[in-house]
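See below for the structure under consideration.
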Amino acid sequence: MAPSLADGNALFEFVVLKGNGVKGLVDSGLTKVPENYIQPPEERINKSTAASNQQLAIDFSELNGPNRDNVAAAIARAAETLGFFQIVNHGLPLELLEALKDAAHKFFGQPPENKAVYLKGKSPFVKYGTSFAPDKEKALEWKDYVSMIYTNDSDALEFWPNDCKEVALEYLRTSTHLVKSILEVLLEHLRVRLDESKLEALIGLQTINMNFYPICPDPDLTVGVGRHSDLGTLTLLLQDGIGGLSVKTEENLEGRDEEEWLEIPPIPGALVINIGDTLQVLSNGRYKSAEHRVRTTSTQSRVSVPHFTMPRPSEKIGPLPELVERDGTAHYREYMFGEYLANYFGNAHEGKKSLEFAETKSHF
Ligand SMILES: O=C(O)CCC(=O)C(=O)O
Numbered sequence: 049m050a051p052s053l054a055d056g057n058a059l060f061e062f063v064v065l066k067g068n069g070v071k072g073l074v075d076s077g078l079t080k081v082p083e084n085y086i087q088p089p090e091e092r093i094n095k096s097t098a099a100s101n102q103q104l105a106i107d108f109s110e111l112n113g114p115n116r117d118n119v120a121a122a123i124a125r126a127a128e129t130l131g132f133f134q135i136v137n138h139g140l141p142l143e144l145l146e147a148l149k150d151a152a153h154k155f156f157g158q159p160p161e162n163k164a165v166y167l168k169g170k171s172p173f174v175k176y177g178t179s180f181a182p183d184k185e186k187a188l189e190w191k192d193y194v195s196m197i198y199t200n201d202s203d204a205l206e207f208w209p210n211d212c213k214e215v216a217l218e219y220l221r222t223s224t225h226l227v228k229s230i231l232e233v234l235l236e237h238l239r240v241r242l243d244e245s246k247l248e249a250l251i252g253l254q255t256i257n258m259n260f261y262p263i264c265p266d267p268d269l270t271v272g273v274g275r276h277s278d279l280g281t282l283t284l285l286l287q288d289g290i291g292g293l294s295v296k297t298e299e300n301l302e303g304r305d306e307e308e309w310l311e312i313p314p315i316p317g318a319l320v321i322n323i324g325d326t327l328q329v330l331s332n333g334r335y336k337s338a339e340h341r342v343r344t345t346s347t348q349s350r351v352s353v354p355h356f357t358m359p360r361p362s363e364k365i366g367p368l369p370e371l372v373e374r375d376g377t378a379h380y381r382e383y384m385f386g387e388y389l390a391n392y393f394g395n396a397h398e399g400k401k402s403l404e405f406a407e408t409k410s411h412f
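With the sequence shown counted from 1, adding 48 to any position gets you our numbering.
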């Protein structure tokens with residue numbers, strides 16, 4: 049039974065510890081946002097203030113044709129400025145994208161007890177949960193998720209949830225190919241060559257997540273995901289048609305004199321790509337890991353399916369030596385990626401604060 053909304057501890061136990069998630073709370077018939085979810089005013093997302101990003105989706109198929117140089121330049125430019133771009137004609141079948149969204153709805157539509165078997169700590173291959181760091185957050189995020197950690201195909205088929213495993217694995221297989229091509233373009237632009245094994249090592253740890261944002265009685269008070277950057281190398285994201293994802297531009301970007309939030313509008317059939325902290329570090333700050341956040345909606349639940357690629361925990365990460373030599377200084381120190389992971393998951397979302405872990409004194 050759903051707890052009294054006025055009892056914060058009971059609500060936390062119901063949503064987080066027992067695995068009912070925000071979905072369980074919404075299904076219990078709530079009509080107002082409980083205190084645990086009310087964001088401080090500075091974190092709330094006012095719909096009217098986000099401008100729509102006019103950047104067009106990049107036609108990825110042109111990377112293999114006569115227009116390659118222009119497409120590669122557009123990818124590099126987006127990575128150097130906003131840290132976000134969208135691609136179409138990427139080669140992932142549209143039926144697969146539809147099947148992924150359906151699988152996400154199916155997984156979260158199950159009774160709570162079926163999802164709770166995957167609660168954090170129960171399996172090394174799957175983590176089901178809600179919000180990002182519920183123990184550490186001032187206000188919870190209005191989101192449930194399931195994270196499928198990839199080791200190999202047979203573990204995925206044995207341990208990932210039945211409703212999602214086949215499509216999620218197919219998504220991982222096909223999108224890894226895309227991620228590698230994007231990484232190659234970005235390295236080429238920096239005039240750095242990495243052998244195949246080093247490239248593999250930079251994306252040696254991969255997860256497919258499914259996010260579920262239930263309808264919210266008052267989106268102005270809550271966040272679906274708070275301001276954060278991703279920790280890894282590149283993220284490839286499938287979003288449905290509801291919208292709500294926005295990215296923060298930096299000051300001085302393309303003539304702006306102050307930072308601004310730009311919507312990343314849903315484009316049918318497109319995939320969103322964003323730069324993670326690791327690529328910002330590797331590129332010695334040239335590529336921008338993008339700060340982003342998600343607004344909730346009051347009309348329909350939203351799903352998104354990110355494919356996170358990152359180095360293995362035992363990988364040593366730091367700015368690429370060619371770039372340090374060229375720039376004359378390293379803006380980030382070297383560390384084991386496992387240390388970065390522990391620091392990232394040990395803190396609540398707070399914009400790009402995660403990168404402070406890697407910054408040196410010469411950081412701009
Ligand atoms: O749902 C989205 O559009 C973005 C999700 C996200 O930022 C995340 O899962 O880290």
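By construction, the Cβ of each residue, glycine as well, lies at the ideal position given by its N, Cα and C atoms.
Around the beta-carbon of asparagine 94, fewer than 16 other beta-carbon atoms lie within 10 Å, marking it exposed. Every beta strand (DSSP E) stretch that sits fully inside the region 88 to 151 and reaches 3 residues is listed by chain position as 132 to 136. With a cutoff of 8 Å on beta-carbon distance, glycine 67 and leucine 167 are scored as near each other. C-alpha of tyrosine 383 to C-alpha of methionine 196: approximately 25 Å in a straight line. Shortest Cα-Cα distance from alanine 390 to any of Ser362, Ala378, Phe132 and Gln134 involves Ser362. Annotated three-state conformation of proline 354 is strand, per DSSP.
With distances taken between CA atoms, threonine 345 lies nearest to Leu269 out of Pro209, Tyr176, Ala151 and Leu269. Rounded to whole angstroms, the separation of the alpha carbons of glutamate 339 and aspartate 203 is 33 Å. Residues of the same chain with a CB within less than 6 Å of the CB of leucine 330, apart from the 5 flanking positions on each side, are Leu368 in chain order. The alpha-carbon of alanine 121 is positioned some 31 Å away from that of valine 273.
Closest by C-alpha distance to threonine 347, out of Thr178, Leu65 and Asp266, is Asp266. For asparagine 257, the uninterrupted beta strand (DSSP E) run begins and ends at 253 to 261, by DSSP. Taking isoleucine 123 as the centre and dropping the five residues before and after it, the same chain places the C-beta of Val233 closer than 6 Å to its C-beta, in chain order. Counting along the chain, the unbroken alpha helix (DSSP H) around aspartate 375 starts and ends at 369 to 375. Inter-segment contact for the region 53 to 60 and the region 68 to 87 is present: three or more beta-carbon pairs are separated by less than 8 Å. Distance from the CA of serine 171 to the CA of leucine 293, rounded to the nearest whole angstrom, comes to 30 Å.
Annotation for lysine 296: the continuous beta strand (DSSP E) segment containing it runs 293 to 297. Bridge pairing for isoleucine 323: Leu282 [DSSP].
Non-local C-beta neighbours of isoleucine 86 in its own chain, meaning closer than 8 Å and more than five positions away in sequence, comprise Ala187, Leu269 and Thr270, ordered along the chain. The Cβ neighbour count for aspartate 288, taken over all protein chains shown within 10 Å, is at least 16; the residue is labelled buried.
Boundaries of the alpha helix (DSSP H) harbouring glutamate 248: 244 to 250, taken from the DSSP string. Aspartate 75: member of the alpha helix (DSSP H) spanning 69 to 75, first to last residue. With 16 or more other Cβ atoms inside 10 Å of its own Cβ, alanine 151 counts as buried.
The closest heavy atom of ligand 1 lies 7 Å or more from the beta carbon of proline 114.
Within the same chain, and ignoring the five residues on either side of lysine 400 in sequence, the residues whose Cβ sits closer than 6 Å to its Cβ are Ser277 and Glu339. Going by beta carbons, phenylalanine 132 and valine 353 fall outside the 8 Å limit. If you check the C-beta of valine 372 against ligand 1, you find no heavy atom less than 7 Å away.
When secondary structure is reduced to three states using DSSP, valine 81 falls in the coil class, being assigned neither helix nor strand.
In the structure shown, aspartate 268 adopts helical secondary structure according to DSSP, grouped into three states.
Listed in chain order, the alpha helix (DSSP H) runs fully inside the region 143 to 192 are 160 to 164, counting runs of at least 4 residues.
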